[in-house]
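So in the working numbering, spot 408 of the sequence shown is number 396, and the numbers just go up one at a time.
Note that beta-carbon positions come from the ideal geometry of N, C-alpha and C, so glycine has one too.
Nothing here was measured: the structure is a model prediction, and the numbers come from that model.
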Amino acid sequence: MLDLVVRGGTIVTIDGVFDGDVAIRRGRIVAVAGPGILPQAREMIDASGLLVFPGLVDPHVHLGHRIFLDDGWVSAADDFATGSGTAAAGGTTAVIDFAIQRDLDPIATVAARRAEAEGRVVIDYSVHPALTRTTPETLDAISTLITAGLPSFKLYMIYRKQGRMADDAMLFNTLRETATRGGLVGVHAENAPIAEFNTEQAVRQAKTTAMDFAHTKPSDVEAEAINRALFFAERSHGTLYIFHLSTRDGLQLVGAARARGVKVFAETCTHYLTLTEGVYSEPDGHRFICSPPLRPASDVEALWEGLATGVLSVVSSDHCGFDMAAKDRGRADFTRVPNGLPGIGARFPVMYTHAVLTGILTLPQLVAVLSTNPARVFGLYPRKGAIQPGSDADLVLIDPGRRLKISAAAFDSPIDWSPYAGMELSGWPVMTIAGGKAVARNGHCLVAPGRGRGRFLTRQLFPRQPDVPRSRASAGDERMEGTDP
Ligand code: URP
Ligand code: ZN
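In structure tokens:
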């Protein structure tokens, strides 16, 4: 007998929108059929009037993040339990966080990060190992991590003082190594020397407001770093992913590179699409400090074009859960503000309202950027990002007619503010099903604290070929097909 049938809904996938029912057994989808065809299940969920999406995949989140600033460590207010609970309430059923190398080697760093998540995270998760040390040992760890199901690496091109920056040698070598072995390199693309110089000069001149922060990182800071990373990707035949692309200049570089065959994907985030640098002039503008900074309206416009034309493949949250107290430590001095914005729960209604109701994206395009493309790019498809037999039974039921003014109170979360507060948003998740079980309803996570059963997801980008000699790296072209959204 079937465990569950979700019936009567309007199913949305990248291939189209149709009325139908979804059958689930033992945590997997076993059938998708026209209305009323499937047999009775132990549980029937009536989805009439609702949109049924595959569970959303957020490939860029920082749960329980800790940042080292000049005056010490600052911790986010959430952790794997509360952050993933908010994700579930917002319709997300898989997240990819980070394991940022600091004192341990990359493999031990991943183990430590998994220990923080296990038994607490309420949805399935994985991590991108973030490599911060240019050493032969770090490069050697890449093949072990890929074989263990972690084929995507993050390299920070900035944050030198925080011990997180990977230099150009590391970037080039990691691209070469992943090109050979089947993986990709995601970059936080900002030019470190220019941003550092600008910051020091701003501090010397006592220009430390939130808007001063934005001016330390103009468009050129992002564009130069993207250009450099693209050069390395092109020369190494590696696959590059640009995290949180925020500018027209960056977009043009990525578009041109894709047109000449460079294997590059790029994401932007909900905040770069819906907020402008104008917020930095407001009284609480320092709370919106993130890197790259929010941009002028002309960049925002370009990002929407990039989404509509497909140059941008993904919209992530880059969720970073600093509460008001953490942000307010730097009210008068941007160097004391931990960078990053919360947003893991708001991604669907923000995008449904600003992208679909405005006619910029169709529903299938929305499902692409929020679920299917991130699943494909990061090696989770078709387990995630699809409504088809064999896929995990991860679904989100959306009420397109539900309209709410968003506030921090929209979610049960220790984060006491929202960058989107005050926005009237439509398209709220009313139920999130993960592995065939309801994990959230009407904005509330149903999983008790400490009872999270999210699984660690191993991922694979191409057929695994650990023994391929390096001289055959150029064969990467055809192996790429499986991941191209
Ligand atoms: O400002 C951003 N993007 N913060 C995210 C967390 C980090 O440190 O990368
Ligand atoms: Zn981030």
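Residue burial is scored here from C-beta neighbours: L329 has at least 16 other C-beta atoms within 10 angstroms and is therefore classed as buried. When only Cα atoms are considered, T196 and D321 end up about 5 Å apart.
Annotation for D306 indicates a beta carbon within 6 Å of some heavy atom of the ligand ZN. In this structure, E265 sits near R283, with a CB-CB distance shorter than 7 Å. Between Y408 and A334, the C-beta gap is smaller than 7 Å, which places the two residues in contact. Between L26 and D3, the C-beta spacing is not below 7 Å.
Within the DSSP secondary-structure output, R16 pairs in a beta bridge with R13, D380. With contacts defined by Cβ atoms closer than 7 Å, G71 and F336 do not form a contacting pair. In the structure shown, I214 falls within a helical segment according to DSSP collapsed to helix, strand and coil.
With a cut-off of 8 Å on Cβ pairs, the segment 141 to 149 is in contact with the segment 165 to 179, counting three or more such pairs. By the beta-carbon neighbour count (other beta carbons within 10 angstroms, threshold 16), G389 is exposed. Here the C-alpha atom of G226 lies approximately 8 Å from the C-alpha atom of F220.
Here the distance from the Cβ of G440 to the nearest heavy atom of the ligand URP is not below 6 Å. At least one heavy atom of the ligand URP falls within 6 Å of the beta-carbon of G328. A residue is called buried once 16 or more other Cβ atoms fall within 10 Å of its Cβ, and M419 is buried on that count. Excluding its 5 nearest sequence neighbours in each direction, M158 has C-beta neighbours in its own chain below 6 Å: T122, listed in chain order. The Cβ neighbour count for P362, taken over all protein chains shown within 10 Å, is at least 16; the residue is labelled buried. A direct Cα-Cα distance of roughly 12 Å separates L263 from T256. The closest heavy atom of the ligand URP lies less than 6 Å from the beta carbon of C278.
DSSP assignment within the segment 212 to 283 yields the following whole alpha helix (DSSP H) runs of 4 residues or more, N-terminal first: 236 to 247, 258 to 262. Apart from the 5 residues on each side of it in sequence, A129 sits with its Cβ closer than 7 Å to the Cβ of D93, P94, I95 in its chain, given in chain order. The beta carbons of F450 and G170 sit closer together than 7 Å. CA-to-CA, the gap between A190 and A154 works out to about 25 Å. Cβ atoms of A76 and V110 come within 8 Å of each other, at about 5 Å. For K149, the closest C-alpha among the options F56, P352, P281, F310 is that of F56. Looking at the backbone, the Cα of L345 and that of L392 are separated by about 15 Å. The C-beta separation of A217 from L228 comes to about 6 Å, placing the pair in contact by the 8 Å criterion. Classified as buried, F201 has 16 or more neighbouring CB atoms from the shown chains inside 10 Å of its CB.
Between T80 and S401 the beta-carbon gap is near 13 Å, outside 8 Å, which marks them as no contact. Within the segment 87 to 142, the alpha helix (DSSP H) runs of at least 4 residues that lie entirely inside it are, in chain order, 94 to 105, 124 to 135. Exclusion of H203 from the 6 Å shell around the ligand URP follows from its C-beta lying no nearer than that to any non-hydrogen atom of the ligand.
For L349, there is no enclosing alpha helix (DSSP H), as DSSP marks it with neither H nor E. With contacts defined by Cβ atoms closer than 7 Å, D112 and A82 form a contacting pair. In the DSSP assignment, the residues bridged to R391 are S414. Residues I12, G15, R16, I17, I421, G423, G424 of the same chain have their beta carbon placed closer than 7 Å to that of A381, with the five preceding and five following residues left out of the count.
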